[in-house]
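As they're listed, the protein sequences go chains W and C.
Following the working numbering, the numbering of the first sequence begins with 1 at its first residue and continues without gaps.
Following the working numbering, the numbering of the second sequence begins with 1 at its first residue and continues without gaps.
Yeah, the Cβ is synthetic: ideal placement off N, Cα and C, and Gly gets one too.
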Amino acid sequence: MRVTDNMFTSSFLRNVNNARARMSRLQDQISTGRRVLQPSDDAEAAERILRLKNSIARNDQFQKNVADGQAMLQATEQALSRFTDLLIDAKDIVTRARSGGRTSELRTLADELDRLLTDAVQTANTRFNGKYLFGGTQTTDPPFILAPDRSSVTVNPNGITGTIEIPVNEGALQVINIDGQQAFQGAAIFQELIAIRDAMRGGTPPTAAQLDAIDGFMKYVSAQTGTAGHMLTSLDMQNEVLQKQADQLAALLSADEDTDFAEASLLLKKEELMLDAALSAAARLLPRSLMDFLQ
Amino acid sequence: MPGLFGLLEIGRRGIAAQTTAMNVTSHNIANANAAGYTRQRVDLGATLPLKNAQGFLLGTGVTVDAIERLRDRFVDTQFRQANSSLGSASMRHTILSQIEAGLGEPSENGLQALLSGFFNSFQELASHPEESAPRQAVLQQATRLVSTFNRISASFTTQRNTIADDASNKVLRINELTRQIGELNRQIAVARTSGGNVPSDLMDQRDLALDQLSQITSITASLDSQGVMIVSIGGVMVAGNGTSVALQSSIANGVLKVTGPGGQDVNISGGELGSAMELYNTTIPAYMTQLDDMANALIARVNAVHAAGYGLGNPPPTGINFFTGSGAAGIAINTQISSNINNIAASSTGAPGDNRTALALFGISTEQLMSNNTQTLAQYYGNFVSTIGSAVSSAEGTGRGTELVLAQLTMQRESVSGVSLDEEMTNMIKFQRSFEAAARVVQTTDELIQTILNMV
Numbered sequence: 001m002r003v004t005d006n007m008f009t010s011s012f013l014r015n016v017n018n019a020r021a022r023m024s025r026l027q028d029q030i031s032t033g034r035r036v037l038q039p040s041d042d043a044e045a046a047e048r049i050l051r052l053k054n055s056i057a058r059n060d061q062f063q064k065n066v067a068d069g070q071a072m073l074q075a076t077e078q079a080l081s082r083f084t085d086l087l088i089d090a091k092d093i094v095t096r097a098r099s100g101g102r103t104s105e106l107r108t109l110a111d112e113l114d115r116l117l118t119d120a121v122q123t124a125n126t127r128f129n130g131k132y133l134f135g136g137t138q139t140t141d142p143p144f145i146l147a148p149d150r151s152s153v154t155v156n157p158n159g160i161t162g163t164i165e166i167p168v169n170e171g172a173l174q175v176i177n178i179d180g181q182q183a184f185q186g187a188a189i190f191q192e193l194i195a196i197r198d199a200m201r202g203g204t205p206p207t208a209a210q211l212d213a214i215d216g217f218m219k220y221v222s223a224q225t226g227t228a229g230h231m232l233t234s235l236d237m238q239n240e241v242l243q244k245q246a247d248q249l250a251a252l253l254s255a256d257e258d259t260d261f262a263e264a265s266l267l268l269k270k271e272e273l274m275l276d277a278a279l280s281a282a283a284r285l286l287p288r289s290l291m292d293f294l295q
Numbered sequence: 001m002p003g004l005f006g007l008l009e010i011g012r013r014g015i016a017a018q019t020t021a022m023n024v025t026s027h028n029i030a031n032a033n034a035a036g037y038t039r040q041r042v043d044l045g046a047t048l049p050l051k052n053a054q055g056f057l058l059g060t061g062v063t064v065d066a067i068e069r070l071r072d073r074f075v076d077t078q079f080r081q082a083n084s085s086l087g088s089a090s091m092r093h094t095i096l097s098q099i100e101a102g103l104g105e106p107s108e109n110g111l112q113a114l115l116s117g118f119f120n121s122f123q124e125l126a127s128h129p130e131e132s133a134p135r136q137a138v139l140q141q142a143t144r145l146v147s148t149f150n151r152i153s154a155s156f157t158t159q160r161n162t163i164a165d166d167a168s169n170k171v172l173r174i175n176e177l178t179r180q181i182g183e184l185n186r187q188i189a190v191a192r193t194s195g196g197n198v199p200s201d202l203m204d205q206r207d208l209a210l211d212q213l214s215q216i217t218s219i220t221a222s223l224d225s226q227g228v229m230i231v232s233i234g235g236v237m238v239a240g241n242g243t244s245v246a247l248q249s250s251i252a253n254g255v256l257k258v259t260g261p262g263g264q265d266v267n268i269s270g271g272e273l274g275s276a277m278e279l280y281n282t283t284i285p286a287y288m289t290q291l292d293d294m295a296n297a298l299i300a301r302v303n304a305v306h307a308a309g310y311g312l313g314n315p316p317p318t319g320i321n322f323f324t325g326s327g328a329a330g331i332a333i334n335t336q337i338s339s340n341i342n343n344i345a346a347s348s349t350g351a352p353g354d355n356r357t358a359l360a361l362f363g364i365s366t367e368q369l370m371s372n373n374t375q376t377l378a379q380y381y382g383n384f385v386s387t388i389g390s391a392v393s394s395a396e397g398t399g400r401g402t403e404l405v406l407a408q409l410t411m412q413r414e415s416v417s418g419v420s421l422d423e424e425m426t427n428m429i430k431f432q433r434s435f436e437a438a439a440r441v442v443q444t445t446d447e448l449i450q451t452i453l454n455m456v
């Protein structure tokens, strides 16, 4: 085969160009730390990366939801346990009222019970993050209304029921509220307290049935505290699951997206050597011609 | 003629032939780097012998038989085919890479991230349906999503407009080249009939024009018996002996086409123009349709769920569409939503703390709305991105492969037609020595004649 001068130069230029293109790509991969910079770098991996990033964003949001739910359930649990304490105090007052007997003493205890009623309604109207915890889905209005003359407690006419669910994982929803009906069986507790207070003010000590009723309410609300606790535990478990999933997703993403630095630097070194070799060969061969040897 | 004066004539012929050879060698050296130049070679041959008195045949010296043009037509044809393929692949790669870059994936600002951000904002809303901050976030995410749909769609349109401009320039270039080829055909025919010689440099120009033409589109070129290069594109003859035909590009009903002088369609395939037309007429519209389908599915489904829900207010607003418009270019946020975030529906009952509509809106992210209910929006888009990515890398791969073939053919062509300076230098020395020797023949003959004259 005849080899002409232009063949030397053009093949040299082509080789150097190709080597430089490969080096530039490797350099991009090393400096950005990412292996797939455009979908065309690895179309399959790009699709997986998009899918994984989507899953990671969703996982982040689930974790946020769970944290919100945990905060809300913790507040619910605290409110319910405070409500239980108030009912224990009420039981104590009622017991004392039954063992005493003097009208003046009953009136004092009735006033104590009245103050307790205020606390109880306030606790049942606990707000957290701007929402009434026990309003069901009517979170913007207080669920329990104490009449100005303190003669009755009524519930929000729009209702106090409704469950709030939040997504805690792919396809998994969890309830994060206990509505007023479930927590306190509506306004019955308050009505019972009002009835006892009014009777005591009238000089009638509470009956054994009334004491039993208060005790029953106390046990019921205490059980609801337990329910809130169970819901909280299950959210904690979800949180652990989500975190594990997040770790796995991050590892998968890294496998597809991140540059293998060792490999990339090694390849870069190889390209560098090849480029050096091509340049030095060209430096020796290109300037050679017959002219160098003719006088 | 044999005799002393015959000797003088042989010497003269030798000098003349070597001078011609030196001329061709210098021409080769001078054009070593000229584009499209084909090296030339002098064919020297002995002139007719004559009988002397004894009846022996004696030589009468040398003459230039021909100045040859060293060219391999077969390699030329292959070269032009490969050149068309390379033109096509590199055009495709350039345009598709721009489209790919326009998508901006994978990144935080790509459609995929914004789509998942949009749906996730409804989860946040589900956690706090009665508050305004998550509503603001929903609106913000939706705004970014919508503007990205609009932007990508606009980039497709811009890309098509650029292609159309480029195509009309390329058609003008084709016309210019075919005009040149027609004119060169005429000049070559004239040169042949007048001198009987090979008009090598004119043929080089014609071959170069054909090479350039082949990069723009696939061509068929054949030599007729008169040495005229007949060129046709898509079955239409565009250059003949002194004639050429101008083509025209036009866009009708969103279709880019090239027509001949009679208005007939010219089927352009291969080359940069063929690839540009395919991108304009088929590839990009298909991508646009996919993106539009996605936008339309999103609009329809989100609106259906949203309109059934309730926003915040007294009475709670309902029956409001979230998006308006259609397609990726037209999708927009309903002004009722953007002007009042309380119109964003989170509740399915009207109760401010109810979040079932927000949950249902989030749920759309996992609904299989696309490809006959087999893919979610995110999966569909992931596929879309991957399709474009594969198209880019396959165009790149084809380009690289064709480049190698072309490099190989260039080498083959160069091997036959290229100028080797070492070779020319060697020839120069050879012709110089021959010239010197021929001159010596004349000198010696002169001395012989002197000897004879002195005898008188």
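C-alpha distance - residue i paired with residue j, whole-angstrom precision
| i | j | result |
| --- | --- | --- |
| Gly182(C) | Ala239(C) | 5 Å |
| Thr233(W) | Met200(W) | 42 Å |
| Thr227(W) | Thr140(W) | 24 Å |
| Ile160(W) | Gly350(C) | 14 Å |
| Val190(C) | Ile216(C) | 29 Å |
| Phe323(C) | Val302(C) | 8 Å |
| Ser194(C) | Ala281(W) | 50 Å |
| Gln63(W) | Ala133(C) | 19 Å |
| Ala142(C) | Phe118(C) | 6 Å |
| Arg35(W) | Leu361(C) | 35 Å |
| Asp256(W) | Ala391(C) | 20 Å |
| Ser88(W) | Gly203(W) | One point to set straight first is that residue 88(W) is Ile, not Ser, in the sequence displayed. Roughly 23 Å between the two C-alpha positions. |
| Ser326(C) | Asp149(W) | 59 Å |
| Asn18(W) | Gly397(C) | 13 Å |
| Gly313(C) | Ile344(C) | 11 Å |
| Met218(W) | Lys131(W) | 25 Å |
| Leu294(W) | Asp5(W) | 18 Å |
| Gly260(C) | Ile233(C) | 10 Å |
| Asn320(C) | His306(C) | The residue you asked about is not Asn; residue 320(C) is Ile in the sequence shown. Approximately 7 Å, taken between the alpha carbons. |
| Ser371(C) | Ile364(C) | 15 Å |
Residue of the options minimising C-alpha distance to residue i
| i | options | result |
| --- | --- | --- |
| Ser214(C) | Asp224(C), Asp204(C), Ile174(C) | Ile174(C) |
| Ile337(C) | Ser348(C), Ala328(C), Leu359(C), Gly311(C) | Gly311(C) |
| Thr63(C) | Ala21(C), Arg192(C), Gly319(C), Phe5(C) | Ala21(C) |
| Ser99(W) | Ala277(W), Ala208(W), Ala75(W) | Ala208(W) |
| Gly353(C) | Asn158(W), Leu285(W), Thr103(W) | Asn158(W) |
| Asn185(C) | Leu70(C), Ser244(C), Ala82(C), Ala407(C) | Ser244(C) |
| Leu125(C) | Gln174(W), Gln61(W), Gly136(W) | Gln61(W) |
| Ser417(C) | Leu4(C), Ser26(C), Ala35(C) | Ala35(C) |
| Val236(C) | Met229(C), Gly242(C), Ile251(C), Thr220(C) | Thr220(C) |
| Ser152(W) | Arg107(W), Arg127(W), Asp198(W), Ile164(W) | Asp198(W) |
| Gln38(W) | Gly102(C), Asp65(C), Ile67(C), Thr398(C) | Gly102(C) |
| Ser127(C) | Ser88(C), Thr318(C), Leu210(C), Ala358(C) | Ala358(C) |
| Ile268(C) | Ser249(C), Pro285(C), Ile284(C), Pro315(C) | Ser249(C) |
| Asp236(W) | Met23(W), Leu73(W), Asp92(W) | Leu73(W) |
| Phe134(W) | Asn15(W), Leu253(W), Val155(W), Ile30(W) | Val155(W) |
| Gly14(C) | Gln432(C), Thr451(C), Glu414(C) | Gln432(C) |
Those residues which DSSP pairs with residue i across a bridge
| i | result |
| --- | --- |
| Asn169(W) | Ala172(W) |
| Ile64(C) | A quick correction: the sequence has Val, not Ile, at residue 64(C). Partner(s): Leu44(C). |
| Lys131(W) | Phe128(W) |
| Lys51(C) | Leu57(C) |
| Leu223(C) | Met229(C) |
| Ser347(C) | Tyr310(C) |
Alpha helix (DSSP H) segments (min. 4 residues) lying fully within the stretch 97-121 of chain C: Taking only runs of at least 4 residues, no alpha helix (DSSP H) segment lies wholly in the stretch 97-121 of chain C.
3-residue-minimum beta strand (DSSP E) runs that sit fully inside the stretch 351-425 of chain C, ordered along the chain: none
3 or more residues per run - each beta strand (DSSP E) lying fully within the stretch 231-285 of chain C: 236-239, 248-252, 255-259
Contained alpha helix (DSSP H) runs [length at least 4] in the stretch 190-257 of chain W, N- to C-terminal order: If we require 4 residues or more, the alpha helix (DSSP H) runs fully inside the stretch 190-257 of chain W come out as 208-257.
Any 3 or more C-beta pairs closer than 8 Å across the stretch 250-267 of chain C and the stretch 76-87 of chain C: no
Segment contact flag, the stretch 171-179 of chain W with the stretch 65-75 of chain W, C-beta cutoff 8 Å, min 3 pairs: yes
Secondary structure, beta strand (DSSP E): runs of 3+ residues fully inside the stretch 134-166 of chain W: 144-146, 153-155
contact_flag[the stretch 155-173 of chain C, the stretch 278-289 of chain C] where n(CB pairs < 8 Å) is 3 or more: yes
Contact between the stretch 42-49 of chain W and the stretch 376-386 of chain C (3+ Cβ pairs under 8 Å): yes
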